[in-house]
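Asker: Residue numbers (our numbering): 19 to 180. The beta carbon of each residue, even a glycine, is placed where N, CA and C say it ideally should be. What you are looking at is a predicted structure, and each value in this text was computed from that prediction instead of being measured. Below you'll find the structure I mean.
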Amino acid sequence: MIEPLLPEHWEAVKRIYENGIATGNATFQTAAPAIWEEWDKGHLEHSRFVAKEGNKVYGWVALSPTSARECYKGVCELSVYVDNDYRSKGVGNFLMKAVIESSEATGVWCLYSSTFPENEASISLQKKFGFREIGYREKIAQQNGIWRDTVLLERRSKVVGM
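Structure below.
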């Protein structure tokens, strides 16, 4: 079941995010925000969801604004994380469908991500939902003292901003 991501989901969302951080191929972040309010302020309320089974949260997706400039209000960065035990079971598909529908309903015309090239599952999922590779950032930032590359992926809405 997909439902809006709410404060009561925070501990599970944080745990899943920390598991992603531990892989070394999900984000440059080295730690999850300590409190809900810190995470909340960086993500758009209208486009964040959890995947649940009973009371167990097993995945989440959220969008972040990319700029405070008015001309870029419809451009958002995608984050999608799935619990280790639920990967390759279609969870990402449900989360992506929900966030794309929500983003378009709220006027977002472009979704993008900066994904480690080693994260083949994420790249594959994004491409399945219409994302395309638009660039490659070589040695864009350091992770644990090692310069890492990222692939830029983008999905342009076919219904918003046409």
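Can you give me the Cβ contacts of Ile-141 inside the same chain, cut-off strictly under 6 Å, excluding the 5 residues immediately before and after it?
Answerer: Thr-133
Asker: With a floor of 4 residues, list each alpha helix (DSSP H) that falls wholly inside the stretch 38-74, ordered by position along the chain.
Answerer: 54-58
Asker: Among Asn-102, Glu-63, Cys-128 and Ile-39, which one has its Cα closest to the Cα of Arg-150?
Answerer: Cys-128
Asker: Decide if the stretch 153-160 is in contact with the stretch 53-73; the criterion is three or more beta carbon pairs, one per stretch, under 8 Å apart.
Answerer: no
Asker: Residues in the same chain with beta-carbon distance under 6 Å from Trp-57, minus the five sequence neighbours each way, listed in chain order, please.
Answerer: Pro-51
Asker: Locate the beta strand (DSSP E) running through Gly-153, then write down its first and last residues.
Answerer: 150-161
Asker: Cβ atoms of Ala-80 and Leu-23: under 8 Å apart, would you say?
Answerer: yes
Asker: May I ask you to verify whether the stretch 38-53 touches the stretch 104-123, counting CB pairs closer than 8 Å and requiring at least 3?
Answerer: no
Asker: Do Ser-85 and Val-126 count as a contact pair if the criterion is CB distance below 8 Å?
Answerer: no
Asker: Measuring straight from C-alpha to C-alpha, what distance separates Glu-233 and Val-100?
Answerer: The requested residue 233 is not part of the displayed model; the chain covers only 19 to 180.
Asker: Using the C-alpha atoms, what's the distance from Gly-163 back to Ile-118?
Answerer: Taking the CA atoms as reference points, Ile-118 sits about 35 Å from Gly-163.
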